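Below is one structure; the comments refer to it alone.
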Amino acid sequence: MLRNSMSNRKKHEDDQKYLSSNLAASSRLGNHIFELSALLAMSRKLKRKPAFFIQDHYHDQMLNDTDVLIPGLVDHFLIINQTLPASIFPVEFNMKCCIFDNPERLMNNTDQYLHIKGMHFQVLKNEAYISKDSPSDSLLYSRYHCDVVLFSAPHSTFGWWMGYFSKGNQVYYTDIKYTNDTSIPQGLFNPDDYFPPHWTPVKYDNMDNATVIETL
598 MLRNSMSNRK KHEDDQKYLS SNLAASSRLG NHIFELSALL AMSRKLKRKP AFFIQDHYHD
658 QMLNDTDVLI PGLVDHFLII NQTLPASIFP VEFNMKCCIF DNPERLMNNT DQYLHIKGMH
718 FQVLKNEAYI SKDSPSDSLL YSRYHCDVVL FSAPHSTFGW WMGYFSKGNQ VYYTDIKYTN
778 DTSIPQGLFN PDDYFPPHWT PVKYDNMDNA TVIETL
């Protein structure tokens with residue numbers, strides 16, 4: 598009887614499909630929010646569940662920092678405490694930072710575990726810090742107190758989120774075309790894909806003259 602019962606038992610099969618991505622866990626909070634929010638939105642578009650592989654202590658810290666600022670975001674993810682299995686072959690997607698790549702082109706991928714890779718966070722920049730607050734405290738301050746935000750480093754992900762979360766959502770930023778950022782001539786950055794249309798770029802006379810000539 599026991600043998601028959603076991604032979605008739607249906608084998609459980611996991612028919613859920615998953616989506617994961619390369620994560621720059623050693624980067625800063627602004628990058629983390631971009632990565633996790635984008636991965637969640639793509640998962641919903643592709644009818645998959647987002648997965649998060651904890652590959653080292655940086656990934657643990659990434660989860661904790663993001664959960665402090667946006668409670669509940671990481672609850673949407675399947676947290677897997679291991680490195681990416683060798684059996685999962687990464688698929689090229691969004692290989693250029695800050696240029697839109699349509700996730701609909703992944704619709705026909707039938708792999709149960711879809712892992713996408715890209716060349717993110719490749720821009721080198723010098724950073725100066727004035728605030729003594731933690732990154733999450735600074736973003737929360739913007740959320741409740743900043744009617745207007747101006748950030749001068751247009752490629753800064755942290756500056757982007759300061760503007761996005763700000764109380765008034767009235768944002769001004771240095772037009773990246775008037776900086777020495779090389780991402781546009783290299784084809785790695787499209788401002789129209791990165792900045793919301795209601796934000797205002799601050800335009801200058803030229804790269805060597807910081808006289809403001811246009812803000813509207």
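Sequential numbering of the sequence shown, starting at 598, is according to this note's numbering.
For every residue, glycine included, the Cβ atom is placed at its ideal position computed from N, Cα and C.
Quantities reported herein were computed from a predicted structural model and do not represent experimental measurements.
My parser needs the alpha helix (DSSP H) runs of 4 or more residues fully inside the stretch 758–802; what are they?
Taking only runs of at least 4 residues, the alpha helix (DSSP H) segments lying wholly in the stretch 758–802 are 788–791.
Among Ser623, Pro700, Pro682, nearest to Phe650 - alpha-carbon criterion
For Phe650, the nearest C-alpha among the options comes from Pro682.
Can at least three beta-carbon pairs, one atom from the stretch 626–633 and one from the stretch 753–769, be found at a separation below 8 Å?
yes
Rounded C-beta distance between Phe690 and Asp790? I'm assuming under 8 Å.
The beta-carbon distance between Phe690 and Asp790, rounded to whole angstroms, is 15 Å. This is too long to meet the 8 Å contact definition.
Less than 7 Å between the beta carbons of Phe631 and Thr754, yes or no?
Yes. Within cutoff.
Does the stretch 771–791 come into contact with the stretch 653–662, if we say contact requires no fewer than three beta-carbon pairs (one atom in each stretch) closer than 8 Å?
Three or more Cβ pairs closer than 8 Å define a contact, and the stretch 771–791 falls short of that threshold against the stretch 653–662.
Is the Cβ-Cβ distance between Arg645 and Leu670 less than 7 Å?
no
Just mark Ala725 as buried or exposed, buried being the case when its beta carbon has 16 or more other beta carbons within 10 Å.
Here the model assigns Ala725 a pLDDT of 47, short of 50, so the residue's position is not dependable and the matter cannot be decided.
Where DSSP assigns a beta bridge to Val745, which residues make up the other side?
For Val745, which the question treats as bridged, DSSP gives the partners Gln767.
With burial defined as no fewer than 16 other Cβ atoms inside 10 Å of the residue's Cβ, what is the status of Tyr741: buried or exposed?
exposed
Please report the straight-line C-alpha distance between Arg664 and Ser618, rounded to a whole angstrom.
The sequence given here places Asp at residue 664; Arg does not occur at that position. Approximately 18 Å, taken between the alpha carbons.
Threshold first: 4 residues or longer. Then list the alpha helix (DSSP H) segments lying entirely within the stretch 646–684, N to C.
Runs of alpha helix (DSSP H) with 4 or more residues, each lying fully within the stretch 646–684, are found at 654–666, listed in chain order.
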